[in-house]
Amino acid sequence: MHRMSGSSHASHTFTRCVVSLDAGISISWAPDPDGSYEHGQRHHEREEAGFRERLERAGPAIEVLFDELEEAGHVFLAPSEPGFSEAQHGNNGAIEMCDVKLACTPRLTETALAALAERINKLLVHVPRPSPPPPPESEPVLTEKKAWWKVW
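The numbering of the sequence shown is this note's numbering, which starts it at 10 and goes up by one.
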């Protein structure tokens, strides 16, 4: 029997870093009765879409962390700049792995990089969903009331 395996993964490029989420485990899928692996592919697609959504929603909070580091004296390269290829990597997580890639001067210590990856991972785990908009205010619908003696 042939099996398909894979792990869900998504990345997002921010102004000063690249953050990736990985499911961290490889799932092995038995084929569908027709021999395809569509159910496994759909699972990874849904999981990756969820990762992308969480990365995008956490974006403003992640940028604030980097603002704090800049205020402390670090200068960051944008991921599109040539020196970014020498970026540092930090990661955090158990079941899902959060990987942070950044390039700055002065370089972060291993301890500071690990702490930053942990803070970003916590933001991704606890990203609040936006509240649904309240229902539009509408005029009350008046229904015509008939006198009880006219109903008979």
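The C-beta atom is built at its ideal place from N, Cα and C for all residues, glycine as well.
- For S94, the secondary structure class from DSSP, reduced to helix, strand or coil, is helix.
- Secondary structure at H52: helix, using DSSP grouped into helix, strand and coil.
- Ranked by Cα distance from F60, the options L122, D108 and A123 are led by D108.
- Your pair E80 and F23 does not check out as a contact, with CB atoms roughly 17 Å apart and the cut at 8 Å.
- When only Cα atoms are considered, C26 and K110 end up about 6 Å apart.
- Under the Cβ criterion (8 Å, minimum of three pairs), the stretch 120 to 136 counts as touching the stretch 91 to 108.
- DSSP places T118 in the coil class of the three-state scheme, outside both helix and strand.
- Residue environment for A58: exposed (fewer than 16 other C-beta atoms within 10 angstroms of its C-beta).
- Excluding five sequence positions before and after H83, the CB atoms of its chain that fall closer than 6 Å to its own CB belong to C113, given in chain order.
- Counting C-beta atoms within 10 angstroms of its own C-beta, S17 has 16 or more neighbours from the protein chains shown and is therefore classed as buried.
- Each of A103, L64 and A87 was checked against the Cα of L133, and the nearest Cα belongs to L64.
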